[in-house]
Amino acid sequence: MSIIKIKQVKSRIGAPADQKRTLDALGLRKLNRVVEHESTPSILGMVDKVKHLVAIVK
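If you count the sequence shown from 1, position 22 lands on 1316 in the working numbering, and the numbers rise without skipping.
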């Protein structure tokens, strides 16, 4: 699988608890942090759940 970089671009303040847990599971704890994950279906589903808070960086 390929590696994707995920960056948190919006604040988690005001987001529902399940979206905050998803950000924690992805390893995103602060704004503008970038994490790398393999692009597995589970990771892509997590990114889709919080797509309004994160961005995929090249």
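The C-beta atom is built at its ideal place from N, Cα and C for all residues, glycine as well. Remember, predicted model here, so these are calculated numbers, not experimental data.
Which residues DSSP lists as bridging residue i, in chain order
i	result
Q1302	V1348
V1341	Paired residue(s): none; V1341 is not in a bridge.
Alpha-carbon to alpha-carbon, residue j and residue i
i	j	result
L1347	A1319	14 Å
R1323	L1317	7 Å
V1344	Q1313	6 Å
E1332	V1303	20 Å
P1335	A1309	23 Å
Own chain, CB closer than 7 Å to residue i, minus 5 neighbours either side, in chain order
i	result
S1305	L1325
Per-residue burial, residue i [other beta carbons within 10 Å of its own, 16 or more giving buried]
i	result
V1341	buried
I1300	buried
Cut-off 8 Å between Cβ atoms - residues of its own chain near residue i, not counting five sequence neighbours on either side
i	result
I1353	No answer is possible for residue 1353: the residues shown for the chain start at 1295 and end at 1352.
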